[in-house]
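The block underneath contains the structure these notes are about, expressed in structure tokens.
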């Protein structure tokens, strides 16, 4: 048996990423400690190369490997976003891992393996490939969450993530097996035909749909499947948290949308109520519980839950419109835009938490931010920008993201949902601006005034510059990205 | 005479629910891991049963992938549990409460 060259060419970026990951894992033990950074740069170079390849081949819809893999503009958009986030995570880790004394090059191997899983997820056209992608991403992330293996909190986070992650994969897999039984295939196209032929309210399809909603709900951290999120985000090393909060959420949303709209678009009335309920409780609970948090990483975890709720509005819009209605594409594109915006601001906020971390000092409690404006004007100002953007206040990108989510929702007749979203956005402003208040108004303690050093290196400065540039530019000039999301959302029916 | 497909579905449903309840109520992390394995194996029963019922092989192919992934998952999971045991000297999930809101 031979593999056709055309198929292999279609997955060149995935092959490059997996190859580089394996090479880094092999070279790590035989590289002298002084040269370990070169492996990180190799990882970064691979990601950059893949970015160029994917950006250059963005175009028509192509299937590969007997329709297991699909290459379309939708997948390419998400891959470009994932490359960007992974690249910035690698840059941020260069400094942060040294601060944490876990400076092992195998970390970059795991970042690449996890990235490969996400790439397979977003271009999966068959539930088999999608399942394999999800598992590759998750298993790498379990390891990364426990990377500070001398610290009980990190290991505990890793164990919780592992148990709940594999539990949710098991539930999702059972749903997949029921779809195979009812439609005779795991290919999204054939599932779509089979499900449509069976019609609405087929009991087996309903059970399978519910199981898949639970599985994806866990992966995107939607309420009531969010229990793992705060614990894991707080315990994991900060750069891993940033990677999980941004990249794995983006990849899971991309797959969630593709599976549900492409595979189950024919029976929308059977699942859109379920998504609407999940969306509503996620927005409410995420924002309310975030108010009482005193740890910034934990607060950002609840905020990421709330943002997942907002992004689900786009799926609700796409699922309440009839197939072929332009609202479907607008709903999908609003999710894409929102997650791109969310990536920049969340990555930036976590980068600030990461540079505050110095040997011996945690730097992730709210108290650690007291009087930051007097100690480090620049860091405090950047955190202010990210917080304002997360709260969705103009003229930042966070506002644009929410605006483009709410507009199609109003056109779809979901004005009440938009009102709920706005009320809870006001609640969220309270806890985001509390961080700003603590930084600018509260007096730092004497010990904190002594601490003058930030873990700031050229690499982290580049990450912060990218994040703040994304937040400001997308806030003032979102037109091009909106156009890209609209044109890449089209392949979904 | 062949066993009807419903029997397989009832069996796999039972195994799946036993695994699900095990994850939710048991406190020993190894038992939880075994319960997750039960859930995955319930899925495999489903795939093989449907595959022979529908007369198409892709279900059996899926089982091979699912088995491989489950093996990888258990390898990582056991490593994490060993690292956890070194800190907590316990495998009871009630003892892990450093992270609580």
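Chains as they are written, first to last, in my numbering: chain A, 598 to 1090; chain B, 3 to 103.
Every residue, glycine too, gets a C-beta built ideally from N, C-alpha and C.
Taking the alpha carbon of residue i as the point to measure from, which residue in the options has its own alpha carbon closest?
i                       : options                       : result
residue 1001 of chain A : A:838, A:1035, A:930, A:1053  : A:930
residue 1142 of chain A : A:694, A:785, A:663, A:1027   : Because chain A in this structure spans residues 598 to 1090, residue 1142 of chain A falls outside the shown range and cannot be described.
residue 1050 of chain A : A:909, A:794, A:1077, A:976   : A:976
residue 813 of chain A  : A:798, A:788, A:856           : A:856
residue 889 of chain A  : A:628, A:740, A:616, A:1025   : A:1025
residue 55 of chain B   : A:622, A:1017, A:777, A:917   : A:777
residue 739 of chain A  : A:803, A:805, A:793, A:816    : A:816
residue 896 of chain A  : A:919, A:838, A:653, A:941    : A:838
residue 874 of chain A  : A:859, A:909, A:830           : A:909
residue 872 of chain A  : A:1081, A:811, A:770          : A:811
residue 684 of chain A  : A:834, A:717, A:1063, A:827   : A:1063
residue 677 of chain A  : A:771, A:851, A:634, A:729    : A:851
residue 1046 of chain A : A:1069, A:1020, A:964, A:1005 : A:964
residue 782 of chain A  : B:89, B:83, B:53              : B:53
residue 41 of chain B   : A:769, A:743, A:600           : A:769
residue 780 of chain A  : A:723, A:939, A:730, A:822    : A:723
residue 1084 of chain A : A:879, A:1031, A:673, A:805   : A:673
residue 725 of chain A  : A:762, A:761, A:667           : A:667
residue 760 of chain A  : B:21, B:61, B:47, B:68        : B:21
Below 7 angstroms on C-beta distance, what does residue i contact in chain A?
i                     : result
residue 61 of chain B : 777
residue 44 of chain B : 771
Within 8 angstroms of any Cβ in chain A, is that where the Cβ of residue i sits?
i                      : result
residue 8 of chain B   : no
residue 103 of chain B : Residue confidence for residue 103 of chain B is low, a pLDDT of 44 falling below 50, so the modelled location carries little weight and cannot support an answer.
residue 24 of chain B  : no
residue 78 of chain B  : yes
residue 69 of chain B  : no
residue 85 of chain B  : yes
residue 20 of chain B  : no
residue 12 of chain B  : no
residue 17 of chain B  : no
Residues of chain B with CB under 7 angstroms from residue i, in chain order?
i                      : result
residue 783 of chain A : 60, 64
residue 764 of chain A : 25, 38
Quick one: does the C-beta of residue i sit closer than 7 angstroms to a heavy atom of the ligand PLP?
i                      : result
residue 945 of chain A : Among the ligands in the structure shown, none appear at all, so the ligand PLP cannot be discussed.
Any beta-carbon of chain B closer than 8 angstroms to the one on residue i?
i                       : result
residue 770 of chain A  : yes
residue 667 of chain A  : no
residue 774 of chain A  : yes
residue 623 of chain A  : no
residue 544 of chain A  : Since the displayed chain A opens at 598 and closes at 1090, residue 544 of chain A lies outside it and no answer follows.
residue 767 of chain A  : yes
residue 839 of chain A  : no
residue 1033 of chain A : no
residue 760 of chain A  : yes
residue 1073 of chain A : no
List the residues of chain B that residue i touches, going by C-beta distances under 9 angstroms, in chain order.
i                      : result
residue 805 of chain A : Those within 9 angstroms of residue 805 of chain A in chain B number zero; the least Cβ separation is about 11 angstroms.
residue 786 of chain A : Those do not exist, as residue 786 of chain A stays about 14 angstroms from chain B at its closest Cβ, beyond 9 angstroms.
residue 813 of chain A : Residues of chain B passing the Cβ test: none, with the nearest at roughly 17 angstroms.
residue 756 of chain A : 31, 79, 82, 83, 85, 86, 95, 98
How would you list, in chain order, the residues of chain A whose beta-carbon sits under 8 angstroms from the beta-carbon of residue i?
i                     : result
residue 73 of chain B : In chain order: nothing, as chain A lies at least about 11 angstroms away.
Which bits of chain A does residue i rub up against, with CB to CB less than 9 angstroms?
i                     : result
residue 90 of chain B : 749, 752, 753
residue 94 of chain B : Under the 9 angstroms cutoff, chain A gives no residues; its nearest Cβ is about 12 angstroms from residue 94 of chain B.
Members of the segment 29 to 42 of chain B that neighbour chain A once the beta carbon cut-off is set at 8 angstroms: Listed by position along the chain: 31, 34, 35, 38, 41, 42.
Does the contact criterion of 3 or more C-beta pairs under 8 angstroms hold for the segment 685 to 697 of chain A versus the segment 726 to 739 of chain A? no
Of the residues that make up the segment 714 to 747 of chain A, which ones have a beta carbon closer than 8 angstroms to any beta carbon in chain B? 725, 728, 729, 732, 736, 739, 740, 743, 746
Would the segment 922 to 937 of chain A and the segment 874 to 892 of chain A be scored as touching if the rule is three or more Cβ pairs under 8 angstroms? no
Near-chain A residues of the segment 47 to 58 of chain B (beta-carbon distance less than 7 angstroms), N- to C-terminal order: 48, 49, 52, 56, 58
How do the segment 964 to 975 of chain A and the segment 897 to 916 of chain A stand: do at least 3 beta-carbon pairs fall below 8 angstroms, yes or no? no
Inspect the CB distances between the segment 746 to 753 of chain A and the segment 792 to 800 of chain A and report whether three or more fall short of 8 angstroms. Touching, no, given that fewer than three Cβ pairs across the two stretches are closer than 8 angstroms.
Is the number of C-beta pairs between the segment 617 to 633 of chain A and the segment 701 to 717 of chain A that are closer than 8 angstroms three or more? yes
Is there contact here, the segment 3 to 18 of chain B with the segment 987 to 1007 of chain A, by at least three beta-carbon pairs under 8 angstroms? no
Take every Cβ of the segment 910 to 930 of chain A, pair it with every Cβ of the segment 1069 to 1078 of chain A, and state whether three or more of those distances are shorter than 8 angstroms. no
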